[in-house]
Each structure stands twice: as C-alpha cells, then as structure tokens.
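Peer 1: The working numbering numbers the first residue of the sequence shown as 42 and each following residue consecutively. No residue lacks a Cβ here, since even glycine has one placed at the ideal position from N, Cα and C. Treat the numbers as computed from the prediction; the structure is a model and nothing was measured. Dropping the structure in here first, questions after.
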Amino acid sequence: MKAVVKRKRARGMEFIEVPTPKAGPRDVLIRVRIASICGTDVHIHDWTRWAQHRFTPPRIIGHEFVGDVEKIGEEVTQVKVGDRVSAESHLTCGSCYQCKNGYSEVCRNFKLLGVDHDGTFGEYLVLPEHVLWKNDEKIPDEWATIQEPFGNAVDTVLAEDISAKTVLILGAGPIGLFATGIARACGASLIVVSDPNNYRLAISKKMGAHITVNPRRQDIIQLVLGATHNNGVDVVLEFSGNNQALGQGLKAVTPGGRVSILGIYERRVSIDLNKEVIFKKIRIYGITGRKVFSTWHKTSQFLSSGLVDPGPIVTHQFPLKDYGKGMKLMKDGKCGKVVLYV
Ligand code: NAD
Ligand code: ZN
C-alpha cells in the first residue's frame, strides 16, 4: 500500500510503498477514506524540538481519519466488515489506575496513534477494536474525520456551564473555531474571538463569533471590559498555546469565572497566583484528549443534528500524495482544517 512515512530523524517525509499491516485477533483492518492533518503532524514533518524528543522513526503518521472496516480479527465483536469508523487516537491500556477510574484520557500507558503506533496517512490501518467509533450515517466523510479535534473543543467548552455566559476564545486555529461553533450552539450570550490571523478571524465570524479581535492591533482587555459592562468575561477558552494570550485571558476573566486551557505552550508560563487566581477565585481547567466515549457521543450529536456546521472550517482538500501542500498551508496559517483523500 501507499503511505506517508517519517523515515529519518530530519525534516520532511516520504510518500512510499509499504507492506499492508496485518490485524491480530482483537484488531481491525481499516481501509482509510480520508485523513486530516493536525498540528502534531506538522511538528513531526518539520522535526521540531518536540518531535525530536517524542517521535521515533520509521512510522506512518496521522491520527485523524474516517474509513471502512475491511477485515476483523476472530475475537472482535463490536464492529463488522463494512462499518464506517473513526477512532479515539489515545490507545489506552484499560488497566492502569486512571483507566480503571474513568479517566482514560490520562492513561499512564497510552500510545498515540501516528506517533507510537502506525497512523492514518496510508491506505490501510490496523487498530484494536476498543478505540473504534462507528460513525453516524448523517455525518459526511469530511466531517467524520475531524471528530477527534472537535472532541478537544467539546471538552474545553463544556468543562463547565456555558449557556448565557460571556466567553473569550483565544486562538482561532481549527480547534478554537470548532469551540466557537459549540459555544454558540450552547447559547453563550457573547463570544469574543482573538487571533492575530485575520483569515481565521473571518472564519470565526461564520462560526458565530459576535466580536473578533486582532491582539496585535487592538487592546483585548479594554475591548472585553467595554463589551461586558466592565465585568470581564465569565469564561476564557485558551486554544493558542501562546503565553501572552493566556496572560490576557487571566486578566479578562471576571472574578469567580473559569479558564479552560487546551493550548500547549512551548515555553514555561508564569502566573501571579495570588493576584490572578486565588484572590480572583477563578477555576483553571487543564484539558487533554477527550472523554472516551462520552465526548464522542456529544461530538456526534453536535455534527449529526446540525447544531454545529463545521463546513466553513474545512477549507482545503487534497489527494494524500499532496500532504506537503496541506502542511505548508497550516504552517502559514492560510487554512482551517485540511483533509486528505486517501
Ligand atoms: P493552531 O496552531 O492551528 O491554532 C493556534 C492559533 O492561535 C493560531 O490560529 C494562531 O494564529 C493563534 N495565536 C497565536 N498567538 C496568539 C495570540 N497571542 N492570541 C490569540 N491567538 C493567537 O492549533 P489547533 O490545532 O487549533 O490547536 C489549538 C491548541 O491546542 C494548540 O496549542 C495545540 O497544540 C493544542 N492541542 C492540545 C491538545 C490537548 O489534548 N491538550 C490536543 C490538540 C491540540
Ligand atoms: Zn491506562
């Protein structure tokens, strides 16, 4: 089969012929229809510091997809040949303290698809049946593939009550854009979205942002105070991974409010705990991955019911062999989500 493989400990990747993987007794062989590109894949392509410490070549990359079950192992009971599936990208152990207590998103032994296990950027993929998700027939392929990052946004937005709340969303990358649609669907009364990228701010308007702000041109704090009767926002959702943006979020949140953080920071963040957290009595939530599978159920409901239309976010489509074009667009921030037809 053909696949996108990271073979060398250096910049770049290769689109090459590799052996089709074989499924064990509890595994499923899937024929991939569409895979989508995540920032993680770009890190691996560019061989950033994170990738150098975390990734061991050779490996087929990618963790977002939709595909069809082609073959099942003899002990598989949950899916059948022909089912249209996607999958939770955290391949969890099921037996550690966290897995046994309902927190498998922080499984101590999890393997990441496309990093520790051959990924979705190939014609075929083998996965254990316990991570598979059967797709609702009402969800088109181009949306089914993005359910994994959509789920990140679901958990960040819904970490606490959102309806009739004022919200500041920091970062309008694909996940911040999903969150904008989700917050709007859940009845947030005011959604302010901040990003230095005007192309992405324009998409956030389509997703339901009431006010967009470019933090390089405008004073976010003044804007937020002006829009909230000088109160600050009830909810800050951080999707930029930018230290300065988080600092703005901590200033913009009203005393007694909450800050949910999905963004991942390259540099250590410093916070004035007394002033910005304790005496403001705010709650900070770290969000990682998704709840398996309750987040997938919510994601499926948002997409199949029409509550959220992610159409404006899926901006580019390429055949798999042109993955490099998609990665370039992502690096330049000239896209929303890029999907690859396998
Ligand atoms: P992305 O890189 O596409 O989006 C980040 C956005 O933040 C970009 O549009 C960028 O222009 C914007 N930005 C940069 N500086 C900013 C600033 N000062 N103020 C406001 N916006 C700013 O990323 P994504 O795929 O949408 O993911 C969002 C974040 O979540 C990333 O940091 C990613 O690493 C992280 N992430 C975390 C998890 C997890 O499980 N915790 C999972 C997936 C992604
Ligand atoms: Zn575990």
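For threonine 336, name the three-state secondary structure that DSSP assigns.
Peer 2: Position 295 of the sequence shown holds residue 336. Helix.
Peer 1: Can you tell me the Cα-Cα spacing of lysine 152 and glycine 160, whole angstroms?
Peer 2: Taking the first residue of the sequence shown as 1, we reach residue 152 at position 111. Taking the first residue of the sequence shown as 1, we reach residue 160 at position 119. Their Cα atoms are separated by approximately 11 Å.
Peer 1: Terminal residues of the continuous alpha helix (DSSP H) containing histidine 94?
Peer 2: If you number the sequence shown from 1, residue 94 lands on position 53. Residues 90-95.
Peer 1: Can you name the residues that DSSP bridges to isoleucine 71?
Peer 2: Taking the sequence shown and counting its residues from 1, one reaches residue 71 at position 30. Bridge partners of isoleucine 71: Val110 and Leu166.
Peer 1: Considering only their Cβ atoms, is the gap separating glutamate 178 from arginine 72 smaller than 8 Å?
Peer 2: Taking the sequence shown and counting its residues from 1, the one referred to as residue 72 is at position 31. Taking the sequence shown and counting its residues from 1, the one referred to as residue 178 is at position 137. No, these two residues do not count as a Cβ contact at 8 Å.
Peer 1: Tryptophan 174 and valine 129 - do their beta-carbons sit closer together than 8 Å?
Peer 2: For the purposes of this step, residue 129 is taken as the residue at position 88 of the sequence shown. For the purposes of this step, residue 174 is taken as the residue at position 133 of the sequence shown. Valine is not the amino acid found at residue 129; the sequence shown has glutamate there. Their beta carbons are under 8 Å apart, which means glutamate 129 touches tryptophan 174 by this criterion.
Peer 1: Using the three-state DSSP reduction, which class does serine 127 fall into: helix, strand or coil?
Peer 2: Counting from 1 along the sequence shown, the entry for residue 127 is found at position 86. It is a strand residue.
Peer 1: Shorter than 7 Å, the distance from the beta carbon of glycine 192 to the closest heavy atom of the ligand NAD, or not?
Peer 2: Along the sequence shown, one-based indexing puts residue 192 at 151. For the ligand NAD, not one heavy atom lies less than 7 Å from the Cβ of glycine 192.
Peer 1: Contact check, glycine 377 vs leucine 218 under 8 Å by CB: the rounded distance?
Peer 2: Numbered from its first residue, the sequence shown carries residue 377 at position 336. Numbered from its first residue, the sequence shown carries residue 218 at position 177. Yes, glycine 377 and leucine 218 are in contact; Cβ-Cβ is about 6 Å, under 8 Å.
Peer 1: Taking only the alpha-carbon atoms, compute the straight-line gap between lysine 292 and proline 237 and give it to the nearest angstrom.
Peer 2: Here residue 292 refers to the residue found at position 251 of the sequence shown. Here residue 237 refers to the residue found at position 196 of the sequence shown. Their Cα atoms are separated by approximately 18 Å.
Peer 1: Taking the continuous alpha helix (DSSP H) assigned at valine 83, which residues delimit it?
Peer 2: Along the sequence shown, one-based indexing puts residue 83 at 42. That run of the alpha helix (DSSP H) goes 80-87.
Peer 1: Examine the Cβ distances between the region 255-266 and the region 189-199 and report whether three or more of them are shorter than 8 Å.
Peer 2: Counting Cβ pairs under 8 Å, fewer than three are found: no touch.
Peer 1: Here's a check: name, in chain order, each residue in its chain whose Cβ is nearer than 6 Å to the Cβ of arginine 48, leaving out the five neighbours to either side.
Peer 2: To locate residue 48, count along the sequence shown from 1; it is residue 7. The answer, listed in chain order, is Glu55, Pro98 and Pro99.
Peer 1: Measuring only the C-alpha atoms, how far is lysine 366 from glycine 374?
Peer 2: Residue mapping note: residue 366 aligns to position 325 of the sequence shown, counting from 1. Residue mapping note: residue 374 aligns to position 333 of the sequence shown, counting from 1. The alpha-carbon atoms of lysine 366 and glycine 374 are separated by roughly 12 Å.
Peer 1: Can you give me the Cβ contacts of leucine 242 inside the same chain, cut-off strictly under 7 Å, excluding the 5 residues immediately before and after it?
Peer 2: On the sequence shown, residue 242 is found 201 positions in, with the first residue counted as 1. For leucine 242, where only same-chain residues beyond five positions count, the Cβ hits under 7 Å are Ala213, Val234, Asp236, Thr253 and Asn255.
Peer 1: Say whether the region 271-291 touches the region 299-313, bearing in mind that this needs 3 or more beta-carbon pairs closer than 8 Å, one atom from each stretch.
Peer 2: At 8 Å Cβ cutoff, the stretches touch.
Peer 1: By Cβ distance, which residues of its chain are closer than 8 Å to proline 62, with the 5 residues on each side in sequence left out?
Peer 2: Numbered from its first residue, the sequence shown carries residue 62 at position 21. The residues are Leu70, Asp159, Tyr165, Leu166 and Val167.
Peer 1: For the alpha helix (DSSP H) that contains leucine 291, what are its first and last residues?
Peer 2: Here the question's residue 291 lines up with position 250 in the sequence shown. Element bounds for leucine 291: 284-293.
Peer 1: Helix, strand or coil for serine 136? Go by DSSP, reduced to three states.
Peer 2: Within the sequence shown, numbered from 1, the residue matching residue 136 stands at position 95. Coil, per DSSP.
Peer 1: Where DSSP assigns a beta bridge to arginine 299, which residues make up the other side?
Peer 2: Residue mapping note: residue 299 aligns to position 258 of the sequence shown, counting from 1. Val276 and Arg324, per the DSSP bridge assignment.
Peer 1: Verify the contact flag: glutamine 358, CB atom, against every heavy atom of the ligand ZN, threshold strictly below 7 Å.
Peer 2: Translated into positions along the sequence shown, residue 358 becomes position 317. Glutamine 358: no, Cβ never under 7 Å from the ligand ZN.
Peer 1: Excluding the 5 residues flanking threonine 336 on each side, which residues of the same chain have their C-beta closer than 8 Å to its C-beta?
Peer 2: Along the sequence shown, read from residue 1 onward, the residue named residue 336 stands at position 295. The residues are Gly192, Val195 and Asp196.
Peer 1: Could you give the C-beta distance for glycine 222 and proline 351, rounded to a whole number, given that I count them as a contact under 8 Å?
Peer 2: Start at 1 with the first residue of the sequence shown, and residue 222 comes out as number 181. Start at 1 with the first residue of the sequence shown, and residue 351 comes out as number 310. Contact holds; Cβ gap of about 7 Å.
Peer 1: Nearer than 7 Å: is that true of the beta carbon of threonine 329 relative to any heavy atom of the ligand ZN?
Peer 2: Locating residue 329 in the sequence shown gives position 288, where the first residue counts as 1. Result no, Cβ not under 7 Å from the ligand ZN.
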